[in-house]
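Novice: Take a look at the following structure, please.
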Amino acid sequence: MSLFWEPRWRRISFNVNGVIIETCLDTSTNLLLCPICVKIDEICPREGESLRQVIDKPLFFSLTDLLHHLRSHTMPSEVKRMIVRREEEEESVEEEEED
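Read in order, the letters of the sequence shown are residues 231 to 329 in our numbering.
Shown next, in the form of structure tokens:
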């Protein structure tokens, strides 16, 4: 059993609501690449297949997953951020209220 795979990238186009999305598809695993995060011209040529490894880039199992990710590229960075409070601050506020 192998712990890695040899991707076989091929260029593919999807028509989603009249918008053509051109990306790379791994024919051995059916994984998709984000065409914004990855330079698809370097990964998958227009003709034939490529065996190039992709490291630290997002891979997607379905077209729906890829579409959600592509929509996240259009959101302002302020919307994407989550506000996290530290517990220390909350505890110190509670202690002050008790005094």
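The beta-carbon is built from N, C-alpha and C at its ideal position, and this holds for glycine as well.
#1: May I ask which residues mark the beginning and end of the alpha helix (DSSP H) holding residue 281?
#2: What whole-angstrom Cβ distance do residue 300 and residue 266 have, given they're in contact under 8 Å?
#3: If the criterion is Cβ atoms closer than 8 Å, does the pair residue 261 and residue 253 meet it?
#4: Taking 8 Å as the cut-off, decide whether the C-beta atoms of residue 246 and residue 281 are in contact.
#5: Compute the Euclidean distance between the alpha carbons of residue 278 and residue 302, then round it to the nearest angstrom.
Specialist: Answer, in terms of the structure:
#1: Position 51 of the sequence shown, counted from the start, is the residue given in the question as residue 281. No alpha helix (DSSP H) contains residue 281, which DSSP labels as neither H nor E.
#2: What you label residue 300 is simply residue 70 of the sequence shown in a count that begins at 1. What you label residue 266 is simply residue 36 of the sequence shown in a count that begins at 1. 7 Å between Cβ atoms; contact.
#3: By one-based count along the sequence shown, residue 261 stands at place 31. By one-based count along the sequence shown, residue 253 stands at place 23. Contact: no.
#4: By one-based count along the sequence shown, residue 246 stands at place 16. By one-based count along the sequence shown, residue 281 stands at place 51. Against a cut-off of 8 Å, the Cβ pair of residue 281 and residue 246 comes out as no contact.
#5: Residue numbering aside, residue 278 sits at position 48 when the sequence shown is read from its first letter. Residue numbering aside, residue 302 sits at position 72 when the sequence shown is read from its first letter. One C-alpha to the other measures close to 30 Å.
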